[in-house]
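Asks: Shown below is the structure under consideration.
Numbering (the numbering used here), first residue to last: 383 to 673.
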């Protein structure tokens with residue numbers, strides 16, 4: 383069995399997250415729970431930044447919403463059931479006993495891998511830790527809610543703690559975390575506006591060919607569709623009197639800067655499509671792309 387390479391693993395997971403979700407682990411658009419940091423469930427000690435990135439990516443991949451973890455050793459000690467579960471590797475320093483030339487032993491601190499389980503992987507852990515719950519502090523913004531309510535023929539919108547924001551063209555469905563999981567109301571509305579913009583490209587609406595076109599992160603088709611969604615979200619935020627978060631935009635649009643070098647018409651073409659998307663969401667009559 384090949385030796386585990388934590389640097390290679392982190393790099394691969396980061397690339398996978400960027401390509402599949404359009405987001406980096408250091409700039410996620412929402413918080414999973416009221417706890418700010420990934421931490422050990424028993425000691426409450428937060429993990430260092432590098433390990434926190436690893437745990438964030440694993441949470442994205444597996445849908446964990448609780449940022450608390452226990453070591454393999456702690457899991458055995460508590461007697462929790464983790465049958466069939468895989469651990470997540472992090473890097474830390476710990477005591478290692480070694481034998482000296484004269485036969486005596488000494489304990490030294492060395493870097494080593496630790497194996498962790500998320501608490502959601504462990505049956506019976508609830509007997510040892512307090513439950514977490516999201517704060518119920520979302521304050522709807524009237525004009526923004528009006529935009530959402532006014533969207534005729536909308537896609538299905540599902541909220542779940544394991545969801546990351548996305549639009550699924552083949553299902554005509556938007557998946558989002560709970561509203562209270564977002565850092566603030568502006569970020570929630572900006573995010574749902576972005577996903578609603580994508581949904582206007584469905585064949586039942588403006589028909590931008592989303593169901594039948596394969597898009598890869600960073601390619602021209604992907605970049606242009608992201609630009610349409612971002613311009614639509616920006617316009618709807620302004621319409622709603624909201625400030626659109628900038629960091630999220632930079633993260634989503636990191637791929638299309640390269641694409642516009644090869645297509646000087648992309649920006650204005652995307653802007654034209656975004657204009658149609660805004661009008662469609664606001665209930666103004668517009669024809670689809672293929673009519």
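C-beta atoms are modelled at their ideal positions from N, C-alpha and C, and glycine is treated no differently.
Measuring alpha carbon to alpha carbon, tell me which of 429, 521, 460 ends up nearest residue 570.
Replies: The option with the nearest alpha carbon to residue 570 is 521.
Asks: May I have a chain-ordered list of the alpha helix (DSSP H) segments no shorter than 4 residues that lie completely inside the region 415–474?
Replies: 431–444, 454–460
Asks: On the three-state DSSP scale, how would you describe residue 511?
Replies: coil
Asks: Pull up the distance between the alpha-carbon of residue 582 and that of residue 603, whole angstroms please.
Replies: 16 Å
Asks: Should residue 453 and residue 498 be called a contact, given that it needs their Cβ atoms to be closer than 8 Å?
Replies: yes
Asks: Quick one: give me the first and last residue of the beta strand (DSSP E) that residue 492 is part of.
Replies: 487–500
Asks: Since residue 470 contacts residue 440 with CB under 8 Å, what's their CB separation in whole angstroms?
Replies: 5 Å
Asks: First and last residue of the alpha helix (DSSP H) that includes residue 618?
Replies: 602–621 is the extent of the alpha helix (DSSP H) around residue 618.
Asks: Please report the Cβ distance between residue 592 and residue 537, rounded to the nearest whole angstrom; I am assuming they are in contact, meaning their Cβ atoms lie under 8 Å.
Replies: Not quite, the Cβ-Cβ distance comes to about 11 Å (not below 8 Å), so this is no contact.
Asks: Alpha carbon to alpha carbon, how far is residue 559 from residue 542? Give it in angstroms, no decimals.
Replies: 5 Å
Asks: Where do the N-terminal and C-terminal ends of the alpha helix (DSSP H) with residue 527 fall, by residue?
Replies: Unbroken alpha helix (DSSP H) run through residue 527: 524–531.
Asks: Are residue 565 and residue 611 closer than 8 Å when you measure CB to CB?
Replies: no
Asks: Could you tell me which residues DSSP puts in a beta bridge with residue 539?
Replies: DSSP lists 556 as partners of residue 539.
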